[in-house]
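*Asks:*
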Amino acid sequence: MSEKFKVVLFQPEIPSNTGNIGRICVGADIELHIIKPMRFMLTDKLVKRAGLDYWDKLELIMHNSFEEFLSSYPDINIYYCTTKTDSLYTQREYKAGDAFIFGPESRGIPEDILNEHKEYNITIPMNSNIRSINLSNSVAIIVFEALRQTGFSL
62 MSEKFKVVLF QPEIPSNTGN IGRICVGADI ELHIIKPMRF MLTDKLVKRA
112 GLDYWDKLEL IMHNSFEEFL SSYPDINIYY CTTKTDSLYT QREYKAGDAF
162 IFGPESRGIP EDILNEHKEY NITIPMNSNI RSINLSNSVA IIVFEALRQT
212 GFSL
């Protein structure tokens, strides 16, 4: 089992976000997991433009369903990144191998999944002027906090 952090995109919708997240994962030596279905193809020019020439260095793992992802990693901590909790991402202690799931841009992680895993829901604090922070920015914020806590062992 890999000791790398895992970014998990649950049914991503916007190709440029996925491309940028791929670039973040390459730079931080993190696995990118995508749970299907997706609203675009990975060959989309916006994915490639945002990921630049780093996409071929990406450790990408595809999953056909959320259940498939869970069964592949039964013994890791999985954090559910959402605006629907008060539990701050900075109030957790992360360890190598942990996973961070981010939902689709338009609707987030489904409520039934969040409710089933409430103790692992985390959020980024923000004021009420916006509903959420851009997905790729959210990934960067949380991933680099996890790396900071574990000593940036890139």
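Using the numbering used here, the first residue of the sequence shown is number 62, and each one after it goes up by one. We treat Cβ as the ideally placed atom computed from N, Cα and C, and that holds for glycine.
#1: Can you give me the Cβ contacts of GLY164 inside the same chain, cut-off strictly under 6 Å, excluding the 5 residues immediately before and after it?
#2: Among the candidates VAL87, ARG100 and TYR140, whose CA atom is the shortest distance from the CA of ASP26?
#3: What does the alpha-carbon distance come out to for the pair THR211 and ASP147?
#4: Cα separation between GLU74 and MET99?
#5: Measure the alpha-carbon distance for LYS97 versus LEU103 and round it to whole angstroms.
#6: What span of residues does the alpha helix (DSSP H) with PHE130 cover, start to end?
#7: If you reduce the DSSP assignment to three classes, tell me which class LEU196 lands in.
#8: Hey, would you say LEU131 sits closer than 9 Å to LEU93, going by beta carbons?
#9: Rank ASP159, TRP116 and GLN152 by C-alpha distance to the C-alpha of TYR134 and give the top, closest one.
#10: Hey, THR144 and ARG192: beta-carbon distance below 9 Å or not?
#11: Going straight from the alpha carbon of SER77 to that of TRP116, what length do you get?
#12: How many angstroms separate the CA atom of TYR141 from the CA atom of ILE85?
#13: Alpha carbon to alpha carbon, how far is ASP173 from GLY83? Give it in angstroms, no decimals.
#14: Among SER126, PHE213 and ALA89, whose alpha-carbon lies nearest the alpha-carbon of ILE95?
*Replies:* With the given structure in hand:
#1: So the qualifying residues of the chain are PHE71 and ILE170.
#2: The structure shown does not extend to residue 26, since the chain is modelled only from 62 to 215, so the question has no answer here.
#3: 24 Å
#4: Distance from the CA atom of GLU74 to the CA atom of MET99, rounded to whole angstroms, is 6 Å.
#5: 12 Å
#6: Looking at the DSSP string, the run of the alpha helix (DSSP H) that includes PHE130 is 127 to 133.
#7: helix
#8: Not in contact: LEU131 and LEU93 (Cβ atoms no closer than 9 Å).
#9: ASP159
#10: yes
#11: 12 Å
#12: 19 Å
#13: 27 Å
#14: SER126
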